[in-house]
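> Handing you a structure now.
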Amino acid sequence: MALDISVEVHCGTCGSANYSLPAGMADEAPIVCNDCSDRLGSVAELKAEMIGQAQAHSAEALRNQLDRIGDPPPA
Ligand SMILES: [Zn+2]
């Protein structure tokens, strides 16, 4: 089960913002670009980038999305 992330974090290789993140994934797990399959960084790195953007844009909805990433998947 994947959780689609809609923040503006772009792949450094192809520039795509198209990637997905399994729910409940560990912070050290890799995030992979859906378009070129390059690694975008770890979950922890992506969270840090997203938090930075959330602070910049005051995106309350994004904060709620970040909170859900750390939850275990439903049984
Ligand atoms: Zn890419």
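Using my numbering, read the sequence shown as starting at 35 and increasing by one per residue. Ideal Cβ positions, reconstructed from N, Cα and C, are used throughout, including at glycine.
Would you kindly work out how many angstroms separate the C-alpha atoms of R97 and E62, rounded to a whole number?
Cα-Cα distance, rounded: 20 Å.
> With distances taken from each beta carbon to the nearest heavy atom of ligand 1, which residues come in below 6 Å, in chain order?
This criterion selects C45, T47, C48, S50, C67, D69, C70, D72.
> Reducing DSSP to helix, strand and coil, say where R97 ends up.
Three-state DSSP puts R97 in a helix.
> Is the CB-CB distance between I85 and V77 below 8 Å?
No, the Cβ-Cβ distance between I85 and V77 is not below 8 Å.
> Distance check for D101 and G58, CA to CA, integer angstroms please.
Their backbone Cα atoms lie some 10 Å apart in a straight line.
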